[in-house]
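Each remark here refers to the structure printed beneath this line.
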Amino acid sequence: MTERGRVGFVRLGTSDASVATKDPPIDGAELLDDQIASALLPVRDKRGHKGAFGKVLVLAGSLDYAGAALLVCRAAGRAGAGLVTLAIPESLQPLFAAKVVEATTMALPEDDVEEVDPEPALARILDHEHDAIVIGPGLRPGLATTELVRLLLATTDDGAAPIVLDAEALRSLASLGGWWSDDHRPGVLTPHAGEFARLRAGSGNDPEADGDLVGDDPARARAARDAASTWGQVVVLKGARTVIAGPDGRVAIAPFENPALASGGTGDVLAGTIGSLLAQRLAPYDAARLGVYLHGQAGDTVRERIGDAGLLASDLPDPIAFARKRLAAIAERRVAGSRLGFGVRSAGPSTPTTPGLPIPTDDEPGSDL
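First residue of the sequence shown: -18, per my numbering; consecutive thereafter.
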């Protein structure tokens, strides 16, 4: 028999956490799985260039929280964005320019050292070409940050890019009474339970009435759905079994329960991931669903290697790229199966699982990143 070539094997197993093990906490909620997530992946044009895969503008970081900006930028790139720009106060630009590698930097006008001048900064931001904005991680607290958040959110000209608001941007929102009643650009809010409670209090709700926003899944889902409807924005209520709620009443639940993700900076990685997917032209609700799923898969990958403790936020961006590759393979199999007339069954509680997604090494077949 004549040798025709080599055959390699690529791991396409489903991680334990990606298979639903519980029912959705409220009627009508969607429990995310591999099939749902893989169907959301943006199509990659084989002749595409870096400008075609999305341009993310990141407003993050300060002297106290320099790492937050770096995490957002790296996550945005690993999630597939073609270009990432970090916008920081001009006095900090030399520091950050020495730290970022793939991202470019843009200096924002200041009215004090390390503090942006909101209106000139807004003009600089709007003049810079971008497809999505991420604002908040590691920003310096203060009136200038709050005013910049307000101005950005209120900019609703045709083509206003969607925005991800996290960390300090959420704290700013909580102090802006009635912000949701005005026209605002579309976006995604990514609060943890404490930030969510502050936002709810700022919009006139009694946070105590929402119930246990950490351990009560039905309460979390109901509160997130109500908040998304009130605020007119997609809400990602982070935590075990993260809730994604749309302003139209849709709710999705991520299946991941990973204590290793309870460490500083992991939320910055999620914000960058969602911002990247927004820049790749996914709608806010879809970008949030896929971003949460990729982030959860990456967390499980690291957890399988090191256990329930010791995960660093900087461990996550690279596995996000491999998680995306894995979902792309599932999508390709689905397309091939449909051409042959085969249906594809969504993962469910009865689906057998294999060990979770490993990070391929250079000598493993299928490793090309």
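Backbone N, C-alpha and C define an ideal beta-carbon position, used for all residues, glycine too.
Please name the residue in Gly220, Val215, Tyr46, Ala208 whose C-alpha comes closest to that of Ala174.
Gly220
Give the straight-line distance between the Cα atoms of Ile114 and Gly253, rounded to the nearest whole angstrom.
9 Å
For Lys31, which three-state DSSP category applies?
helix
DSSP three-state assignment for Lys80, whether helix, strand or coil
coil
Of all the beta strand (DSSP E) runs that stay within the bounds of the region 161 to 221, which reach a length of 3 or more residues?
168 to 170, 215 to 218
Within this structure, are the beta carbons of Arg152 and Arg179 separated by less than 9 Å?
yes
Compare the beta carbon distance of Ala202 and Ile234 with 9 Å and say whether it is the shorter of the two.
yes
Would you call Asp249 buried or exposed, if buried means 16 or more other Cβ atoms sit within 10 Å of its Cβ?
buried
In or out: Val101 buried (at least 16 other Cβ within 10 Å) or exposed?
Residue identity check: residue 101 is Pro in the sequence provided, not Val. When all chains shown are included, Pro101 counts as exposed.
Should Gly329 go down as buried or exposed, given a rule of 16 or more other Cβ atoms within 10 Å for buried?
Note that Gly329 scores 38 on pLDDT, short of 50, meaning its location in the model is unreliable and no value can be drawn from it.
Where Leu12 sits in the DSSP three-state scheme
strand
Roughly how many angstroms separate the alpha carbons of Val39 and Ser162, rounded to a whole number?
26 Å
Local Cβ density within 10 Å of Leu251, reported as buried at 16 or more and exposed below that
buried
Might you give, ordered along the chain, the residues of its own chain that have their beta carbon closer than 7 Å to the beta carbon of Ala200, omitting 5 neighbours on each side?
Asp191, Gly192, Asp193, Leu194
Span of the beta strand (DSSP E), counted from its first residue to its last, around Val145
144 to 146
What three-state label does DSSP hand Leu242 in the structure shown?
helix
Nearest CA to the CA of Pro265: which residue from Gly196, Gly227, Val94?
Gly227
In three-state DSSP terms, what is Pro298?
helix
Rounded separation between Arg25 and Gly58 - CA only:
14 Å
How about Leu134 and Leu154: do their beta carbons lie closer than 9 Å?
yes
I'd like to check one pair, Ala310 with Pro298: are the Cβ atoms closer than 9 Å?
no
Sequence-distant residues of the same chain with beta carbon closer than 6 Å to Val82, five excluded per side:
none
Using the DSSP secondary-structure output, state which residues sit across from Val115 in a beta bridge.
Val39, Val145
Cα-Cα separation, Pro75 to Asp14
43 Å
Looking at Glu95: is its Cβ nearer than 9 Å to the Cβ of Leu129?
no
I need the straight-line Cα distance from Val53 to Gly32, nearest angstrom please.
19 Å
State yes or no: is the C-beta of Ser257 within less than 9 Å of the C-beta of Gly42?
no
Contact check, Leu263 vs Leu21, beta carbons under 9 Å:
yes
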